[in-house]
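Residue numbers (this note's numbering): 11 to 110. Glycine included, C-beta positions come from ideal geometry on N, C-alpha and C.
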Amino acid sequence: MSEDLPQQFEIDLPPEVVPGNYADFANVWHTPTVFVMDFVTLAQPPREETNEDTGERVAVVPARVVSRIRIPPEQVFELAKALTQQLEYWEQETGKRSPE
Numbered sequence: 011m012s013e014d015l016p017q018q019f020e021i022d023l024p025p026e027v028v029p030g031n032y033a034d035f036a037n038v039w040h041t042p043t044v045f046v047m048d049f050v051t052l053a054q055p056p057r058e059e060t061n062e063d064t065g066e067r068v069a070v071v072p073a074r075v076v077s078r079i080r081i082p083p084e085q086v087f088e089l090a091k092a093l094t095q096q097l098e099y100w101e102q103e104t105g106k107r108s109p110e
């Protein structure tokens, strides 16, 4: 196949993936060869505990990773562009702005 041809993806979305997973937040980290996004949902209400090392009171927030996505570093730039573009569309459609 010629590398000069434009690509047209045929993306299959399995029925069990259609509903998606709700996530309250994402944790992003990387290695030299991959970026990892852990999408996390709260599992229980926060509870107060004492940190064993420091003796300080802390709010422990039980949470669970609902999805882990690994992407190559080169793809991070495209993802950032796509997220920015979709956020701009969302702001135009809803009239809402993200909190400062």
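Which of the three DSSP states is assigned to Leu23 in this structure?
Reduced to three states, the DSSP call for Leu23 is coil.
Could you tell me the alpha carbon to alpha carbon distance between Val68 and Tyr32, rounded to whole angstroms?
Our two residues, Val68 and Tyr32, have alpha carbons roughly 26 angstroms apart in a direct line.
Among Pro42, Val28, Gly65, which residue has its Cα nearest to the Cα of Glu84?
Minimum Cα distance to Glu84 is reached at Pro42.
Along the alpha helix (DSSP H) that carries Val86, what are the first and last residues, could you check?
Counting along the chain, the alpha helix (DSSP H) containing Val86 begins and ends at 83-104.
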